[in-house]
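Report on one structure; see the data block that follows.
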Amino acid sequence: MRILRTLTTTAAAAVLLAAAGCGGDDLESGGDGGSGGSGSDDKGTVVVGGQDFTEMQVMAAIYEQLLEDDGYTVETKLVTTRDVYLPELASGGVDIVPDYLAGLTDFLHTAKNGPDAEPVSSNDPDATLAALEPLAEEEGIAILPPSDATDQNAFFVTQEYADQNDLETLSDLAALGQPIKLGAPEDCEGRSDCEGGLTNVYGLDITEIVPLDFGSSQVKDAVANGEVQLGETGTTDASLEQLGLVLLEDDKGIQPAQNLTPAINAEFLADNPDLEDLFNELSEALTTEDLADMNLQVDLERKKPADVAAAFLEDKGLL
Amino acid sequence: MPRADEVAQCYVDNSWLCGRYWSDYRPELVDATVQHLWITVVSVLAGLAVAVPLALLARRSPRLESLVVGGTTIIYTIPSLALFSLLLPFTGLSPTTVVIGLALYSLTILVRNVLAGLRAVPDEVRESAVGMGYAPLRLLTRVELPLALPVIWAGLRVATVSTVALVTVGSIVSYGGLGNLLLRAVGNQFKAQILAASLLCVALALVLDVVLVVAQRFLTPWTRRAG
C-alpha cells in the first residue's frame, strides 16, 4: 500500500506542480491589463522578449526598467532565436521586443515571400521601415520609430594604416588601389554586404578572404599584426580603440540599416498607447556609441546587463 | 557613465577560476539552480506518472508493447529544438513547454524500466497472490510494483540524471535553468560563468542521484536485508 501511496502522491504532486507552473504563466503572459486607468501605479503585466546575447540583454533590461518605472509589472523572456519569439510577439505571448530594423524586415519578408525573394531592406532606414510596416501589420505587430543607434556590420583597419594613408571611409581605402586581404566569415564571398559589395560597389581589390569569425579576437589579431588588412565586426564593437583598430565608414551604404527598433504586439499597443512616447524618448536618446559602451561593460568588465541598463537610464535622465 | 569601481582582475583576464564571479553572480546562480532543479523534478515525476500506465497498457499484448515502446523511442529521436517548436503554439514561452518536452524524453527510459520491472516479478509469486485472493489492483500495488521497484528505481535514476543535462536546452524558450547562464557565457566567452554553470549542473545531478539512492533504501528495506 505504501508503494501505491508514494506513486499516487508523486504523480499528484507532478500534476499539481505542472498545473501551477502552467496556470501561473498563463495569468502572467495573458494579462495585458493597463486599460484599468491611466496614471495608476499598476498598469498590468508586460512581457519583454528578445534574443539572449549581450546587446539584446542590455536592451531588454533597459525596456524592463523603463516599463517598471512607468508602473508596469515586467517579465523578461530571452530566447535563442528570432524564430522563437516572433510568433509569440504576433500572438501576444510576448508584448514587446527590442529588434533590428533590417533584421526584422528580412525575417518577415522571407517568411512571407520565401528565402529567394528580392530583399526589401536597404541602407536607408526610412525605406526599410516603409517596407517593414505592412509586413509587420499583417502579423499584428506594430513598429515604433527606429533609433539612430545602429548595429551594422562594418570593416576595420589599424589606426596606423588609416593615419598613414589618411583613411576615413571605405571609398578612401578603394582609392589607394592596393591589394587587400580580408578577414571575414566563410559566407562573405559574393554577399552584397561583404565581399560582393566591397568589390562591386567600392571597387576594392580583394585578393583573398581569410575565414575568420565576425568580430572575433582572431580577426582583430589578424588585422593588428598585418596578416590581413581589413577585418569585419559590428558598429557597436567598443574594443577596437584599445586594440589600435578603427572602423572605416560605409559611405556608399552597402550595409542594411540595423537601427534599434521597438516592435510591439499591435493589440497591446492599442491598449497602452502611452508606450509610444515612452519608447520614442528612449530611441531618441540612444546612440550607437551608447550601445558600444554598454556592450563593452558587459562583455569585458563583466557587469550585469541590468546594472549597465540602470546606469544608462539614469545618465540619460529617462527614469 | 560612472565607472566608480575597479574591474576585478579575473574578469580582465577572463579566468576560469574567479572567486569574484561566484559572489557577484550568486543571485543569478541560485535562481538558475532552483529553476533547473524544479524543472528536472517536475519533468521526471510527470514522466513517471505517464510511464506507469503506459507500461501497464504495454504488457497487455505484444502488439501494444511494440507500439508503446516504439512510440516512446521515436519521441526520443525528435530534436529538442523541433519538439519545443511543435509545443510553442500551445504552451508558449513557459516552463510547461520545457516540462512537457523533457517528460516525453524521459518516457523512453521510464517505460522500459517499469515494463522490465513488472516482467521480473516471478510467476509463482503472482500466482500465489492470486491464489490468496488478491484482486488485480491489490496484486499490482502490493505485490508487483514493490517487487518491480528496484528496476523502476534504476530507470528513475538514469532518467533524472539525463534530465538534469537536458534541462539546459530549455534555454531555447528562456527556461533552461543553468542552461540560460551557459548559453550567455558561451556567447560572450565568459569562462568563469561557463565553469560555474557546468559545475552546478554536475553537482545537481550527483545530489539528485544520492537522494534517489537514499530514498530507495527506505522504500525497499527488504533488498537491504537480503543483500
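Sequences listed follow chains G and P, in order.
The end of the first sequence is residue 319 by the working numbering, with every number in the run present.
The end of the second sequence is residue 546 by the working numbering, with every number in the run present.
Backbone N, C-alpha and C fix where the C-beta goes; we use that ideal spot for every residue, glycine too.
What number of angstroms, rounded off, separates the C-alpha of residue i from the C-alpha of residue j?
{"i": "G:Leu286", "j": "G:Asp151", "result": "12 Å"}
{"i": "G:Asp213", "j": "P:Leu386", "result": "47 Å"}
{"i": "P:Leu367", "j": "P:Arg431", "result": "11 Å"}
{"i": "G:Thr261", "j": "P:Tyr494", "result": "25 Å"}
{"i": "P:Tyr340", "j": "G:Ala310", "result": "20 Å"}
{"i": "P:Ala515", "j": "P:Ala351", "result": "11 Å"}
{"i": "P:Pro398", "j": "G:Leu243", "result": "41 Å"}
{"i": "G:Gly103", "j": "G:Thr236", "result": "16 Å"}
{"i": "P:Ala534", "j": "P:Gly420", "result": "26 Å"}
{"i": "P:Pro465", "j": "P:Tyr453", "result": "15 Å"}
{"i": "P:Leu405", "j": "G:Val84", "result": "11 Å"}
{"i": "P:Ser425", "j": "P:Thr396", "result": "12 Å"}
{"i": "G:Asp95", "j": "G:Lys316", "result": "25 Å"}
{"i": "P:Gly389", "j": "G:Leu135", "result": "43 Å"}
{"i": "G:Ser239", "j": "G:Lys303", "result": "15 Å"}
{"i": "G:Val228", "j": "G:Leu300", "result": "25 Å"}
{"i": "G:His109", "j": "G:Gly190", "result": "21 Å"}
{"i": "G:Val79", "j": "P:Leu531", "result": "32 Å"}
{"i": "G:Ala130", "j": "G:Thr105", "result": "10 Å"}
{"i": "G:Cys194", "j": "G:Gly183", "result": "11 Å"}
{"i": "G:Glu314", "j": "G:Met59", "result": "14 Å"}
{"i": "G:Pro146", "j": "G:Ser122", "result": "14 Å"}
{"i": "G:Leu296", "j": "G:Ser283", "result": "20 Å"}
{"i": "P:Ala377", "j": "P:Ala473", "result": "19 Å"}
{"i": "P:Leu373", "j": "P:Leu475", "result": "15 Å"}
{"i": "P:Ile393", "j": "P:Pro414", "result": "23 Å"}
{"i": "G:Gly92", "j": "G:Arg82", "result": "15 Å"}
{"i": "G:Leu291", "j": "G:Ala149", "result": "7 Å"}
{"i": "G:Met294", "j": "P:Gln328", "result": "19 Å"}
{"i": "P:Gly489", "j": "G:Pro115", "result": "28 Å"}
{"i": "G:Pro305", "j": "G:Leu278", "result": "20 Å"}
If you reduce the DSSP assignment to three classes, tell me which class residue i lands in.
{"i": "G:Leu248", "result": "strand"}
{"i": "G:Glu195", "result": "helix"}
{"i": "G:Glu232", "result": "strand"}
{"i": "G:Leu182", "result": "strand"}
{"i": "P:Gln512", "result": "helix"}
{"i": "G:Glu28", "result": "Any reading at G:Glu28 needs caution, since the residue's pLDDT is 38, under 50, leaving its predicted position unreliable; the model's value is listed next. The answer is helix: DSSP assigns G:Glu28 an H, G or I state."}
{"i": "P:Ala522", "result": "helix"}
{"i": "G:Ala238", "result": "coil"}
{"i": "G:Glu301", "result": "coil"}
{"i": "G:Asn280", "result": "helix"}
{"i": "G:Asp42", "result": "coil"}
{"i": "G:Tyr100", "result": "strand"}
Kindly list, in the order they appear in chain P, the residues whose Cβ is closer than 7 Å to that of residue i.
{"i": "G:Arg82", "result": "In chain order: nothing, as chain P lies at least about 12 Å away."}
{"i": "G:Glu88", "result": "Gly411, Leu412"}
{"i": "G:Arg302", "result": "Tyr330, Phe509"}
{"i": "G:Asp299", "result": "Asn507"}
Taking 8 Å as the CB-CB limit, is residue i close to chain G?
{"i": "P:Leu412", "result": "yes"}
{"i": "P:Val529", "result": "no"}
{"i": "P:Ser342", "result": "no"}
{"i": "P:Ser603", "result": "No answer is possible for residue 603 of chain P: the residues shown for chain P start at 320 and end at 546."}
{"i": "P:Met320", "result": "For P:Met320, the predicted model reports a pLDDT of 45, less than 50, meaning its position is unreliable; a value from the coordinates is still stated below. Chain G, which has a Cβ nearer than 8 Å to the Cβ of P:Met320, makes this yes."}
{"i": "P:Leu407", "result": "yes"}
Name the chain G residues that come within less than 7 Å of residue i, Cβ to Cβ?
{"i": "P:Ser493", "result": "Lys77, Leu78, Val79"}
{"i": "P:Val326", "result": "Glu301"}
Just the chain G side, please: which residues come within less than 8 Å of residue i by C-beta, in chain order?
{"i": "P:Leu502", "result": "Asp52, Thr80"}
Is the Cβ of residue i closer than 8 Å to any Cβ of chain P?
{"i": "G:Gly93", "result": "yes"}
{"i": "G:Gly317", "result": "no"}
Looking at the ligand GDP, does it come within less than 7 Å of residue i, judged from the CB to the closest heavy atom?
{"i": "P:Leu468", "result": "For the ligand GDP, the structure offers nothing, since it holds no ligand at all."}
Is it the case that the region 440-449 of chain P contacts the region 400-416 of chain P, given that we only count it when at least three CB pairs across the two stretches are under 8 Å? no
Three-pair Cβ contact test at 8 Å for the region 232-251 of chain G versus the region 163-174 of chain G: Result yes; three or more Cβ-Cβ pairs closer than 8 Å.
Check whether the region 326-333 of chain P and the region 500-513 of chain P touch, using three or more Cβ-Cβ pairs below 8 Å as the test. These segments touch.
Touch test, the region 70-77 of chain G against the region 42-51 of chain G, Cβ-Cβ under 8 Å, three pairs minimum: Short answer: they touch.
Would you call the region 518-527 of chain P and the region 216-235 of chain G in contact, with 3 or more CB pairs under 8 Å? no
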